[in-house]
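Engineer: Those sequence lines, one after another, are chains A and B.
Residue numbering for the first sequence follows the working numbering, beginning at 1 and increasing consecutively.
Residue numbering for the second sequence follows the working numbering, beginning at 1001 and increasing consecutively.
Each residue gets a CB set at the ideal place from its N, CA and C atoms; glycine is no exception.
For reference, the structure I am asking about is given below.
Number of protein chains: 2
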Amino acid sequence: MNRALSPADIALCAQAACLLEVAAVKPGNVSRYHDFDDTRFEDFLLSAVAVGAALGAAGAAGVGETILLAVQDTRRLVDVNTNLGIVLLLAPLARAAAMEGGPLRRRVSRVLATLTIADARDAYAAIRLARAGGLGKVEAQDVREEPTVTLREAMALAADRDTIAREYVTDYDVTFGLAVPALRQARGRGLGWPAAALESYLRVLAEVVDTFVARKRGGNAARAVSERAREVLAAGEPGTPERGRAVAAFDSELRAHGNRLNPGTTADLVAAALFVALCEER
Amino acid sequence: MNRALSPADIALCAQAACLLEVAAVKPGNVSRYHDFDDTRFEDFLLSAVAVGAALGAAGAAGVGETILLAVQDTRRLVDVNTNLGIVLLLAPLARAAAMEGGPLRRRVSRVLATLTIADARDAYAAIRLARAGGLGKVEAQDVREEPTVTLREAMALAADRDTIAREYVTDYDVTFGLAVPALRQARGRGLGWPAAALESYLRVLAEVVDTFVARKRGGNAARAVSERAREVLAAGEPGTPERGRAVAAFDSELRAHGNRLNPGTTADLVAAALFVALCEER
């Protein structure tokens, strides 16, 4: 996909990516078969449609503006935080999808390289509005204060504790290097979107510690979750009974902790990968 | 809701209505918990986002054009018929939502009164594209041929065998007279969207024979389904264990026939009611 997509196509890909991600059965997270007590499946459905307008217009707005508008539009429909991580990941990707010139990842690099302090200001406002606990505090920049650095510099300060922030610094290394290839490979083997999204989720989780789990429950817990993801992948090929049982067991273990052990960052990365893959099919 | 909505708001309400309808647990139909063999839940998710552009633009296009564009956009993402009935119902409603002047139903009446032969031509093309079995043949007008009557006149010819067609003739009598009030009443009692959609579904099914079931399995089968819906409503208030058991039993009975006893027209009417209710909340 080397050509610019229209705002309508970008909106559609963003909405479809959010829907396919949340519908997919991802151990420990909300899916078509599982709600959390405080966040229900339908909250995610409404959030998915809510972000279409802002992300569709990303080519004509700053990344920070896009993030803030998407979170504001979500908040008009849903009163819990459902999609801050997804919006932070999709905003630069959506802006890149609206640009001409070269492979999508190269365009994303250009978007990230030109982020401003104004982008940081709007993104901080969005984070405050979404009332997200974990993302709020970074070493030297607190989202309650006015930023003095660009959005990329602010993300760099949080990069060691948040994979989403790290994506801003590495030009989306996990998304393009791991999540998208896993998704493409699964699609290439004939899996439908939900099953392919699960493959991508397990592969990312196996290789990259989920920073949402790490922030909430500590690094050891997060590493143990990744170890279990590796065991699930080793249990059998997708579609086999062995794999199915391993996925179900993993899901039960994570859910036994209430919603405390939900690899939410990994789910966000899968949404970003779905967006990239859907854009490439347009 | 007496003011015109923006294209973006209309698109959002249409997409959200389709998503909430398909996610809701509706005995006999696809829901978040049930697929059909040939039509999966994710097909409906993608279809829901696909119709946003066409329905959002309904204020600036003919009803037939809107129907055809929505079906074309759906077909780009999904290769089975998921939403022809919904699109036929939503197109006049979306056009009315974009107009100024009076309650929504009065505006719908104006839209329906001004339908043309060109609207019929585009709608027939959409029906052919969606490859829908049941809707195809009416007494004097066949969708394989070029229409010689307006879309409303064509719908009048099918009104006795299709509730969707009848809505075009009665200014949406079932939607505004039954489905929307049931939805509003349920919401007023504090039910979430999925539970409220189920109430609306059961109330419509109890009072109006599902013409999709009737076309596929005959009038007696369809009347028996409505009788069962009345029994489910009588079994207990929403949220009680008695009601829950009755809904589950009804669902099992309908599914025991494969997907042959799915009240698809009733589900479409609920989507229309959700659209009206969501528009009124904007």
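1. Does the beta carbon of residue 4 (chain A) come closer than 9 Å to any beta carbon on chain B?
2. So what's residue 1200 (chain B) in DSSP terms, helix, strand or just coil?
3. Mind reading off the beta-carbon distance from residue 88 (chain A) to residue 164 (chain A)? Whole number of angstroms is fine, and I expect it under 8 Å.
4. Just curious, the alpha helix (DSSP H) that residue 1047 (chain B) is in, first and last residue?
5. Using a 10 Å radius around the Cβ and a threshold of 16 neighbouring Cβ atoms, would you call residue 1060 (chain B) buried or exposed?
6. Evaluate residue 31 (chain A) with the Cβ neighbour count: other Cβ atoms within 10 Å of its Cβ, from every protein chain shown; 16 or more gives buried, anything less gives exposed.
7. What would DSSP say about residue 31 (chain A), mapped onto helix, strand or coil?
8. Could you work out which residue in B:1102, B:1264, B:1178 and B:1049 is closest to residue 12 (chain A) when comparing CA atoms only?
9. Helix, strand or coil for residue 210 (chain A) per DSSP?
10. Taking a contact to mean a Cβ-Cβ separation below 9 Å, would you say residue 182 (chain A) touches residue 203 (chain A) in this structure?
11. So which residues of chain B does residue 192 (chain A) contact, with C-beta pairs closer than 9 Å?
12. Starting from the C-beta of residue 273 (chain A), find all residues in its chain whose C-beta is less than 7 Å away, skip the five residues before and the five after it, and write them out in chain order.
13. Quick check on residue 1160 (chain B): does DSSP put it in helix, strand or coil?
14. Say whether chain A places a C-beta atom closer than 9 Å to the C-beta of residue 1274 (chain B).
15. When we look at the beta-carbon of residue 131 (chain A) and count the other beta-carbons within 10 Å, is it buried (16 or more) or exposed?
16. Is the shortest distance between the beta-carbon of residue 135 (chain A) and the beta-carbons of chain B less than 9 Å?
17. Write down every uninterrupted run of the beta strand (DSSP E) in the region 93-138 of chain A whose length is 3 residues or greater and which is fully enclosed by it, in chain order.
18. Hey, is the region 67-76 of chain A in contact with the region 1214-1233 of chain B, meaning 3+ C-beta pairs nearer than 8 Å?
19. What does the alpha-carbon distance come out to for the pair residue 84 (chain A) and residue 126 (chain A)?
20. Examine the Cβ distances between the region 1017-1030 of chain B and the region 1038-1056 of chain B and report whether three or more of them are shorter than 8 Å.
21. Looking at the unbroken alpha helix (DSSP H) that takes in residue 147 (chain A), where does it start and where does it end?
22. So which residues on chain A does residue 1032 (chain B) lean against when the C-beta distance must stay under 7 Å?
23. Taking residue 16 (chain A) as the query, report the chain B residues whose CB atoms sit under 7 Å from its CB, ordered along the chain.
24. Since residue 1263 (chain B) and residue 1213 (chain B) are thought to touch, with beta carbons under 8 Å apart, how far apart are those beta carbons, to the nearest angstrom?
25. Got a sec, what are the start and stop residues for the alpha helix (DSSP H) residue 21 (chain A) sits in?
26. Going by alpha carbons, who is nearest to residue 1145 (chain B) out of B:1198, B:1152 and B:1123?
27. Does residue 271 (chain A) come within less than 9 Å of chain B when only Cβ atoms are used?
28. What in chain A is Cβ-close to residue 1052 (chain B), meaning under 8 Å?
29. Give the straight-line distance between the Cα atoms of residue 1112 (chain B) and residue 1168 (chain B), rounded to the nearest whole angstrom.
30. When burial is assigned at 16 or more other CB atoms within 10 Å of the CB, is residue 1241 (chain B) buried or exposed?
31. What does a CB cutoff of less than 8 Å around residue 1205 (chain B) pick up in its chain, not counting 5 residues either side in sequence?
32. If we cut at 9 Å on Cβ distances, does residue 1020 (chain B) have a partner in chain A?
33. Do the CB positions of residue 1066 (chain B) and residue 1055 (chain B) come within less than 9 Å of each other?
34. Tell me whether the beta-carbon of residue 1247 (chain B) lies closer than 9 Å to the beta-carbon of residue 1191 (chain B).
35. Taking the continuous alpha helix (DSSP H) assigned at residue 1251 (chain B), which residues delimit it?
36. Residue 104 (chain A): which of A:171, A:195, A:34 and A:185 sits nearest, CA to CA?
Structural biologist: Based on what the coordinates show:
1. no
2. helix
3. Yes, residue 88 (chain A) and residue 164 (chain A) are in contact; Cβ-Cβ is about 5 Å, under 8 Å.
4. For residue 1047 (chain B), the enclosing alpha helix (DSSP H) starts and ends at 1041-1050.
5. exposed
6. buried
7. Note: residue 31 (chain A) maps to strand in three-state DSSP.
8. B:1049
9. coil
10. yes
11. 1040 and 1042
12. 175, 179, 180, 183 and 200
13. Three-state result, residue 1160 (chain B): coil.
14. no
15. exposed
16. Confidence is the limiting factor: at residue 135 (chain A) the pLDDT is only 49, short of 50, which leaves the residue's position unreliable, though a coordinate-based value still follows. No, because no Cβ of chain B sits closer than 9 Å to the Cβ of residue 135 (chain A).
17. none
18. no
19. 8 Å
20. yes
21. Per DSSP, residue 147 (chain A) belongs to no alpha helix (DSSP H) and is neither H nor E.
22. 32 and 41
23. 1046 and 1049
24. The beta-carbon separation of residue 1263 (chain B) and residue 1213 (chain B), rounded to 6 Å, stays under the 8 Å limit for a contact.
25. For residue 21 (chain A), the enclosing alpha helix (DSSP H) starts and ends at 7-23.
26. B:1123
27. Residue 271 (chain A) does not count as touching chain B.
28. Per Cβ cutoff of 8 Å: 11, 12, 15, 49 and 52.
29. 7 Å
30. exposed
31. 1225, 1226, 1229, 1263 and 1266
32. yes
33. yes
34. no
35. In this chain, the alpha helix (DSSP H) harbouring residue 1251 (chain B) covers 1241-1255.
36. A:171
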